Structures are given as C-alpha cells and as structure tokens.
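To keep things clear, I will list the structure first and then write my remarks on it.
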Amino acid sequence: MDATMLVGGTAVLLREGADGLETLLIRRPDRGSFAGAWVFPGGVVEDADVVPGESEERIAARAAARECAEEVGLRPQGLHVLSCWVPPAEAPKRVRTWFFLAGAPEGDVLRLAPDEVIDAQWLTPSEAFRRHAAAEALLFPPTWVTLDWLAKRSSVDEALAAASVPELYETHLIGGGVFVWGGDAEHPEGGEGRHRIDTSVLPWVYARD
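Listed below in structure tokens is the structure:
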C-alpha cells in the first residue's frame, strides 16, 4: 500500500430495531469532504491515535472509535474490521479508510458535534436505499456498498460473525460514473467478471459476480 497516503477509520455502528438491523448514519455539512452526504462516523488518523509498532489496521481502529465519540458521543468497543477502501486517483483528497463494525454502546444517546454533523439517524439499509433512490439522501460508493453488505444480515451477531476476513476495495473509475474493484474485467489488476457500481443514474446498480 502507498505509505504516503492519509489513513482513516470509520465506525459502522449496529443495533437491532423494530424493522431489522439498523446502522447509524450521519449527515455532513454542505462543505468540506463528503459535503451534504450521509456517511458513517469516522475521520483521519491523528497523532494521538498512533502507537509505534502497531499495524495500520489497529491505529485506524483507534481513530474510528475516537472520531465516533467526538462526532456523535458514542465510543464503540470491540471493533471488527470489515473492509479497507482506497479511493480512485481522481479523488480530490485521497484517504485510505478502514471500515469497522461494532454493536451500539449501551445508552445510545447521541450528542452531535455541531461543526461536523448536522443530523444523525439509525436507519435500516432498505430505508437508506429508499431515500437515496428518491434523491432524498446523498451517499458515496463505500457507504452504499457497505449498506448492501449489511442488507444481507439480519442481526448484529450475524454481521459481526460475517466480518471475518477484511476485503480490500482498490477503487478505479472507468468513466460514466462507473466504479470498479478487484475481480472486474476492467480493473487494472485484471479479472474475468464484474465487480462494479454504476452511479450515473438513480437508483444505482451494483453488480458482483
């Protein structure tokens, strides 16, 4: 991996609601990175997160927990690594971001950081997709694909158990709003199938062989 790239951590908090598995999504302000988008809590690694000799994954987990506490007042415990996302070369700010799953802490009262979060809601993946398809909520591909993964799980325990082997998403943009990852025939690493998302129109179409 590129040692010069910024590294970040993202916390995907989970709980079981009346309509199934829910995750916490926050809305960013209409400025800066992911302007106006609904994302999972998280941010870039800071000096306080770094312990010499530790793996990048562990450092990113510490950043994810810290950022989650700062942004919504919840500090997750027992983080399970789910995936690592490398942005395309065209991204204005490139941050290699590790995604971690965790059950919602007890007493999940949200305290939002006013400069970083303008709204936060517990949503099922299906409700998040409905809002996105209706242009009521802006998502980015890593959030969308993670929601698709969560949609296949029915409980917190099932989701945590399924996150046994972290997946690397080296993102490549092939034009027309189509992003591809490893295994896709048009990815620079090569492949024979499809692993892509078409973001050119709503609703987005995700295809993986």
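So for the sequence shown, UniProt numbering puts the first residue at 1; every next one is plus one. Note that CB positions come from ideal geometry on N, CA and C, so glycine has one too. Everything numeric in this text was worked out from a predicted model, so none of it was measured.
Whole-angstrom distance between Val165 and Gly182, CA atom to CA atom: Numbered from 1 along the sequence shown, position 182 holds the residue referred to as residue 182. Numbered from 1 along the sequence shown, position 165 holds the residue referred to as residue 165. Whole-angstrom Cα-Cα distance: 15 Å.
Complete alpha helix (DSSP H) runs within the UniProt domain "Nudix hydrolase" (5 to 146) (minimum length 4 residues, chain order): 56 to 72 and 125 to 133
Nearest neighbour of Asp115, chosen from Asp30, Leu24 and Leu79 [CA to CA]: Here residue 115 refers to the residue found at position 115 when the sequence shown is read from its first residue. Comparing Cα positions, the closest option is Asp30.
Collapsed DSSP secondary structure at Val158 in the structure displayed: The residue you call residue 158 lines up with position 158 of the sequence shown. In the sequence under discussion, the amino acid at residue 158 is Glu, which differs from the Val named in the question. The answer is helix: DSSP assigns Glu158 an H, G or I state.
Same chain only: Cβ atoms within 6 Å of Ala137, ignoring 5 sequence neighbours per side: Counting from one through the sequence shown, the residue named residue 137 turns up at place 137. Cβ neighbours of Ala137 beyond the five flanking positions: Trp38 and Arg131.
Within 9 Å, strictly: CB atoms of Gly43 and Ala63: Here the question's residue 43 lines up with position 43 in the sequence shown. Here the question's residue 63 lines up with position 63 in the sequence shown. It is a contact, given that the beta carbons lie within the stated cut-off.
Same chain only: Cβ atoms within 6 Å of Glu186, ignoring 5 sequence neighbours per side: As a position in the sequence shown, residue 186 is number 186, starting the count at 1. The residues are Ile174 and Val180.
Cβ contact check for the stretch 104 to 114 and the stretch 65 to 77: 3 or more pairs under 8 Å: yes
Counted within 10 angstroms of its Cβ, other Cβ atoms place Leu89 as buried (16 or more) or exposed: On the sequence shown, residue 89 is found 89 positions in, with the first residue counted as 1. For clarity, residue 89 is Ala in the given sequence; the question names Leu instead. Looking at its Cβ environment, which holds fewer than 16 other Cβ atoms inside 10 Å, Ala89 is exposed.
Any C-beta of chain D under 9 Å from that of Pro29: Protein chain content of the structure displayed is limited to a single chain, and chain D is not contained in it.
Beta-carbon contacts of Glu22 that lie in its chain and below 8 Å, excluding the five residues immediately before and after: Stepping through the sequence shown from its first residue, residue 22 is reached at position 22. Same-chain partners within the cutoff: Leu14, Arg15, Glu16, Trp122, Leu123 and Thr124.
Euclidean distance between Cα positions of Leu6 and Ile59: Here residue 6 refers to the residue found at position 6 of the sequence shown. Here residue 59 refers to the residue found at position 59 of the sequence shown. Taking the straight line from one Cα to the other gives about 12 Å.
Coarse secondary structure for Leu202, derived from DSSP in three states: Residue mapping note: residue 202 aligns to position 202 of the sequence shown, counting from 1. If DSSP states are grouped into helix, strand and coil, Leu202 belongs with coil.
Closest residue to residue 211 among Gly107, Ala91 and Trp98 (Cα-Cα distance): Since the first residue of the chain shown is 1 and the last is 209, residue 211 is not available in this structure.
Bridge partner(s) assigned by DSSP for Leu168: Working through the sequence shown from its first residue, we reach residue 168 at position 168. DSSP lists Cys84 as partners of Leu168.
CB of residue 210 within 9 Å of CB of Ala11, strictly: Residue 210 lies beyond the range of the chain shown here (1 to 209); nothing can be said about it.
For Asp184, three-class secondary structure by DSSP: For this step, residue 184 is matched to residue 184 along the sequence shown. Asp184 falls in the strand class under three-state DSSP.
Option in Ala162, Ala104 and Trp204 with minimal Cα separation from Leu150: Residue 150 sits at position 150 when you count from the first residue of the sequence shown. The residue with the shortest Cα to Cα distance from Leu150 is Ala162.
Cβ-heavy atom distance, Ser164 to the ligand MN, below 8 Å: Ligands in the displayed structure: none, and consequently the ligand MN is not present.
Val145 classed as buried or exposed, judged by whether at least 16 other C-beta atoms fall within 10 angstroms: Position 145 of the sequence shown, counting from 1, holds the residue named residue 145. So Val145 counts as buried.
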